[in-house]
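What follows is a set of notes on a single structure, which appears directly below.
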Amino acid sequence: MNKIAIFLAALGLNLLYSAALASNLTIYTYDSFNSEWGPGPVVFKQFEKQCQCTLKIVALGDSGLMLNRIILEKKNPQADIFLGLNNSQLGKALSADIFVSYRSPNLADVNEEHWLDPQNRVTPFDYGFLAFVYDSEKIAEPPQSLQDLLKEEFKGKIVIEDPRTSSPGLTFLHWTISAFGEEGYLDYWEKLNPNLLAITSGWSAAYGMFTKGEAPLVLSYATSPAYHLEHEKTDRFRAALFARGHYKQVEGAGIVKGSRNPAMARQFIDYMLSSEFQKEIPLKNWMFPVAKSQELPKSFSLAIHPDAVKSLDDRLILEKNSSWLKQWARRLGN
Amino acid sequence: MGKTAWQLKFIQGVVLLFLVAGFYFPLFSFFQGDNPFEPGKPLLDWNYLLSFLNDRWNLHVIWFSFYQAFLSALFSILVGIPGAWIISNYHFPGARLFRILSFLPFILPSILVVLAMVLFFGNNGFVNQGLQWLFQLDEAPIQFLYSIQGIFIAHVFYNFPIAMKTIGDQWSRLSPQYREVAKTLGAGKSKVFFKIHLPLLMPSVLSSFVLIFLLCLNSFAIILVLGGGVRYTNMEVLIYQLARIELDFNGAASLACLQLLISSFFLFSVFRRAGNPLKQRENAKMDLIEELKCRSRSAYFSGIWLLLIVVFAFGPLICIIWDSLRSFENNRWVFTLKWYRQLLADDQSSFPGALWSSLKIGLGSACLSSFFGMGMASIIHQKKNISRRVWEVLALFPVGVSTVIFGVAWYVFYQNSLPDHIPLQTILILIHAVLTFPYWIRVVLPTLDAVPPQWAMASRTLGRTSIDYFFKILLPWLKRVLIIGFFFSFSLSLGELNSTLMIADNSLQTLPLEIYRAISSYRFSSASAMGVVLLMLSVGTFFVIEELLQN
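Protein chains in written order, with our numbering: chain A, 1 to 334; chain B, 335 to 885.
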């Protein structure tokens, strides 16, 4: 019993101690951005040197979760910057009125097609394309269009993410709406359904099933093959190029309304579009940098850069998303 | 029960204070409060619920949630009962390891377990590849994943240990007299089980049933990934969709409330009355190996059950170990220790820190959870009839409410006050303890209820104080279930993710957070390696604590 008591006492002491560090700028982002393999550790440290300040990074879960937290904190904002919002969440975030406008001078180096918001409440920092990644040893003739995915030969071979619980899943739903229209997308999904082995809760489960050999075709990003080339030295995993184009995902960052340090927040947005930040994006976040002047690394030769299909308007998404998801579940669930 | 000692009343008061502050108050004030998205509008919207219920698809979702949870719990009990009988009747080599290993699935984040099941049972998994090779088949012979069977199998895999342990403890204390008397009266073996043992074991069967039922009701990744289709949608999926994707807190909270209401009604009707105090004493256990040599039929049955369970339950866990030892390089899998080297030897690695804080939080919350459990269980134990049923249902709320919503509720309630003053670790310990004490209660309560009241009386007649009674009689008698309850809380805390995600910041990392981070950065094998280190350390911790408490 004594040993236990000593142990508990030690544990108790340890818990009462907490180190509180003052910081000048708080950045919220999704977890993989700030993982030890992500761009976070490098780019944030560099910015700290440049601005002579300390950053507090809160990086948990996916961007949906962090957006959740920012909205819940609206009365009492904790974050100065939210980094990692994507275009499928844009309408929702703008309608929640959580960002302030800032037009960075460095935006001149960004192609206008990537700009997210005419009022510049959200500034883009990278982009990518949804794509079906396939195992070239198991699939000789990859699909070349959304229609091709309906072929009999892919029956039970495709894994995708659920649009109700995952951001790539939702973006894919938007892709099909953009391609087949609001009147046609459900018919497409009904035909696609038998070919789906599983509709997973998130990207990790789907891509895990793919790398473990359970399914040869998975909904992921056009840049995914570059990861395997860079880290596994293999070109076996390829992204299927669809002739009619792919749906684009743009990630952006915004200055949170109520930020206690708006000047430094603006400085960070400028930094985000500079080459120090942009050059870390390809090999660490596995996306394309938005800065025109940024060169791409070698392994990105495997990352396809397709044409973009027309993105849905974010006000339309805001208005209709809920009913799309409802109809989708009802049609596929019956 | 007589008069309650003031010490006990004090403990009960403190526990209630913690639970109200840490759970009931934040939750109910969140339900009562404004919609954080549209201040000024109430969060719960009865019109929303009415229109929700007026829809065939939604009714199907509600029906399916309860249907799958009910059957999953039933199957887990059916698999657990033979196990309970075996662990209460036999000694066998590795029995202790077997007891400990069955806690393990709880420790791992569900995504790792789901992927491990795919690796083991999947269409291209080990079992199928082995069978295909053995019988020269072209098609995978076993295809139960991605269907309702996949959901059941995964839920049984997770939850049968709860049934096995809770029922097993009570079984091992049933006095052999019951069986002997029944036999003298000419009852056969099955009659003895159904007419004598099962009714006597009912409190623990019921106790584990309600717990597993609630767990499966809140299941998320398993339903989506292994169910394989939109047909199998449960309420938790809708709650997640509303809270995280649509940011519709109004809808999410209304649904969570509905789910809580329906399950409370169900639980209320399931709890009948407390189990009767039983005539009991420790059963002598037989040696399985000796019995096998004597060709006893029950021993053969036990041996086969154990073998099947070991393959079924530990196959996926072994897959995680295997996955952690390989790396895909130059177009083939090679075996390597590089993931472990990166985790443990690399200066940059945040893994050791996360491991340490996870262990601390796990141990701290298991202690606190035992304390909460003790207070709450003693209250339930003293109550009778309706009021007892109400307390039992209340004590299950933390498992019954969607963790996504609880995380949000806690965050909304405390965001302005607590986190600045109290270290995050302490807050997480409190939250994990609040979320895990219901397990503790479900495991301990059947055994506590079965304590013959004569003991307390006898102890009083002998002039002993109630403190004496507690430490000298009750504690030793409950020791085994206390350890089981402690380990459940510990394991669950190690694996807890949803509310941690809502509350943590970068000053604190826990293992599940690290594992998710690795997985979302393509590092699947690294995540497996983290899982393996976590499992090893937990097994070690179990052994050490068991040793400490045994002596």
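Where a beta carbon is used, it is the ideal one built from N, C-alpha and C, also for glycine. Computed from a prediction, not measured in an experiment: that's the story for all the values here.
If you measure from the beta carbon of Y227(A) to each beta carbon in chain B, is any gap under 7 angstroms?
Reading the first sequence from its first residue, position 227 is the one you call residue 227(A). Chain B, which has a Cβ nearer than 7 angstroms to the Cβ of Y227(A), makes this yes.
Write down every uninterrupted run of the beta strand (DSSP E) in the region 673 to 712 of chain B whose length is 3 residues or greater and which is fully enclosed by it, in chain order.
none
Report back the beta-carbon spacing between E276(A) and A206(A) to the nearest angstrom; my notes put them in contact at under 8 angstroms.
Counted from its first residue, the first sequence places residue 276(A) at position 276. Counted from its first residue, the first sequence places residue 206(A) at position 206. So it is not a contact: roughly 33 angstroms between Cβ atoms.
What span of residues does the alpha helix (DSSP H) with I396(B) cover, start to end?
Mapped onto the second sequence, residue 396(B) falls at position 62. From DSSP, the alpha helix (DSSP H) with I396(B) extends over R390 to N423.
Neighbour flag for I57(A) against chain B, beta carbons, 7 angstroms
Here the question's residue 57(A) lines up with position 57 in the first sequence. Closer than 7 angstroms to some Cβ of chain B, the Cβ of I57(A) qualifies, so yes.
Please decide whether D839(B) counts as near chain A, where near means a Cβ-Cβ distance under 7 angstroms.
In the second sequence, counting from the first residue as 1, residue 839(B) sits at position 505. With 7 angstroms as the cut-off, D839(B) counts as an interface residue toward chain A.
Nearest candidate by alpha-carbon position, reference S872(B), set L412(B), F437(B) and D582(B):
Position 538 of the second sequence, counting from 1, holds the residue named residue 872(B). The residue with the shortest Cα to Cα distance from S872(B) is F437(B).
Could you tell me whether the Cβ of M287(A) comes closer than 7 angstroms to any Cβ of chain B?
To locate residue 287(A), count along the first sequence from 1; it is residue 287. No, no contact with chain B.
Counted within 10 angstroms of its Cβ, other Cβ atoms place L576(B) as buried (16 or more) or exposed
Reading the second sequence from its first residue, position 242 is the one you call residue 576(B). Buried, since its Cβ has 16 or more Cβ neighbours within 10 Å.
CB-CB length for K92(A) against L318(A), believed under 8 angstroms
On the first sequence, position 92 is the one that residue 92(A) refers to. On the first sequence, position 318 is the one that residue 318(A) refers to. So it is a contact: roughly 6 angstroms between Cβ atoms.
Against chain B, which members of the region 153 to 183 of chain A pass a CB distance test of less than 7 angstroms?
Interface annotation for the region 153 to 183 of chain A against chain B: D162, R164, T165 and L170, criterion Cβ-Cβ distance under 7 angstroms.
In terms of residues, what are the limits of the alpha helix (DSSP H) holding R631(B)?
Taking the second sequence and counting its residues from 1, the one referred to as residue 631(B) is at position 297. R631(B) -> alpha helix (DSSP H) spans R631 to S658.
Given a limit of 7 angstroms on CB to CB distance, which residues of the region 443 to 454 of chain B reach chain A?
I445, V448, L449, V452 and L453
Limits of the unbroken beta strand (DSSP E) element including E372(B)
For this step, residue 372(B) is matched to residue 38 along the second sequence. That run of the beta strand (DSSP E) goes E372 to P376.
Quick check: the region 480 to 488 of chain B against the region 558 to 573 of chain B, are at least 3 beta-carbon pairs closer than 8 angstroms?
yes
Just how far apart, CA to CA, sit E223(A) and F600(B)?
In the first sequence, the residue the question calls residue 223(A) occupies position 223. In the second sequence, the residue the question calls residue 600(B) occupies position 266. Contrary to the premise, residue 223(A) reads as Thr rather than Glu in this sequence. So the two alpha carbons sit approximately 49 angstroms from each other.
In terms of residue numbering, what span does the beta strand (DSSP E) encompassing I853(B) cover?
Counting from one through the second sequence, the residue named residue 853(B) turns up at place 519. First-last for I853(B): L845 to I853, but that is the alpha helix (DSSP H), not the beta strand (DSSP E).
Quick check on E152(A): buried or exposed, where buried means 16 or more other Cβ atoms within 10 Å of its Cβ?
Here residue 152(A) refers to the residue found at position 152 when the first sequence is read from its first residue. Exposed is the call here.
Output, in chain order, the set of chain B residues within a Cβ distance shorter than 8 angstroms of S322(A).
Position 322 of the first sequence holds residue 322(A). Near S322(A) (Cβ distances below 8 angstroms), the residues of chain B are E580 and D582.
L21(A) (DSSP reduced to helix, strand or coil):
Taking the first residue of the first sequence as position 1, residue 21(A) is located at position 21. Unreliable placement is indicated for L21(A), whose pLDDT of 49 sits below 50; the coordinate value is still reported in the next sentence. DSSP places L21(A) in coil when its eight states are reduced to three.
Reference F432(B), options P846(B), I817(B), V644(B) and I713(B), closest by Cα
On the second sequence, residue 432(B) is found 98 positions in, with the first residue counted as 1. Comparing Cα positions, the closest option is V644(B).
Runs of alpha helix (DSSP H) lying entirely within the region 184 to 248 of chain A, each at least 4 residues, in chain order
203 to 211 and 224 to 232
Own chain, CB closer than 7 angstroms to Y17(A), minus 5 neighbours either side, in chain order
Residue 17(A) sits at position 17 when you count from the first residue of the first sequence. With a pLDDT of only 48 at Y17(A), under 50, the local geometry of the prediction cannot be trusted, and the value read off the model is given with reservation. Within the same chain, Y17(A) has no close Cβ partners at all.
F129(A) beta carbon less than 7 angstroms from that of P306(A):
Looking up residue 306(A) in the first sequence gives position 306. Looking up residue 129(A) in the first sequence gives position 129. Yes, they are a contact pair.
I396(B) at chain A interface by Cβ criterion, 7 angstroms
Against the second sequence, residue 396(B) aligns to sequence position 62. It does not: the Cβ of I396(B) has no partner Cβ on chain A nearer than 7 angstroms.
Out of L383(B), A587(B) and I396(B), which one is the CA nearest neighbour of I739(B)?
Stepping through the second sequence from its first residue, residue 739(B) is reached at position 405. For the residues L383(B), A587(B) and I396(B), the minimum Cα distance to I739(B) belongs to A587(B).
Relative to the C-alpha of L229(A), which residue among E113(A), S301(A) and W328(A) is closest?
To locate residue 229(A), count along the first sequence from 1; it is residue 229. Nearest neighbour of L229(A) by Cα position, chosen from E113(A), S301(A) and W328(A), turns out to be S301(A).
M335(B) in three-state terms, based on DSSP
By 1-based counting over the second sequence, the position of residue 335(B) is 1. Residue placement at M335(B) is flagged as unreliable, the pLDDT there being 43, under the threshold of 50; the coordinate-derived value follows with that caveat. Reduced to three states, the DSSP call for M335(B) is coil.
Considering Cα atoms alone, identify which of I269(A), S259(A), Q267(A) and F44(A) is closest to E73(A).
In the first sequence, counting from the first residue as 1, residue 73(A) sits at position 73. For E73(A), the nearest C-alpha among the options comes from S259(A).
Cβ contact check for the region 857 to 868 of chain B and the region 68 to 87 of chain A: 3 or more pairs under 8 angstroms
no
Going straight from the alpha carbon of V349(B) to that of G709(B), what length do you get?
Translated into the one-based positions of the second sequence, residue 349(B) becomes position 15. Translated into the one-based positions of the second sequence, residue 709(B) becomes position 375. Straight-line Cα distance between these residues: approximately 6 angstroms.
Chain-order list of residues whose beta-carbon lies under 7 angstroms from that of I420(B) (same chain, five-residue window excluded):
Numbered from its first residue, the second sequence carries residue 420(B) at position 86. If you ignore the 5 residues before and after I420(B), its C-beta comes within less than 7 angstroms of the C-beta of S636, W639 and L640, all in its own chain and listed in chain order.
Out of F543(B), G428(B) and P443(B), which one is the CA nearest neighbour of L412(B)?
Mapped onto the second sequence, residue 412(B) falls at position 78. Here the closest residue by C-alpha is F543(B).
Going by DSSP, name the residue or residues bridged to R666(B).
Residue 666(B) sits at position 332 when you count from the first residue of the second sequence. According to DSSP, R666(B) bridges with E663(B).
Suppose the cutoff is 7 angstroms on Cβ atoms and the five residues either side in sequence are ignored; what does the same chain contact list for R121(A) look like?
Translated into the one-based positions of the first sequence, residue 121(A) becomes position 121. By the criterion of a C-beta distance shorter than 7 angstroms, R121(A) is surrounded in its chain by L94, F99, V100, S101 and G254, once the five residues flanking it on both sides are discounted.
Nearest to L219(A) by alpha carbon, out of I199(A), E232(A) and K75(A)?
For the purposes of this step, residue 219(A) is taken as residue 219 along the first sequence, with counting starting at 1. Looking at the Cα atoms, I199(A) is the closest of the given residues.
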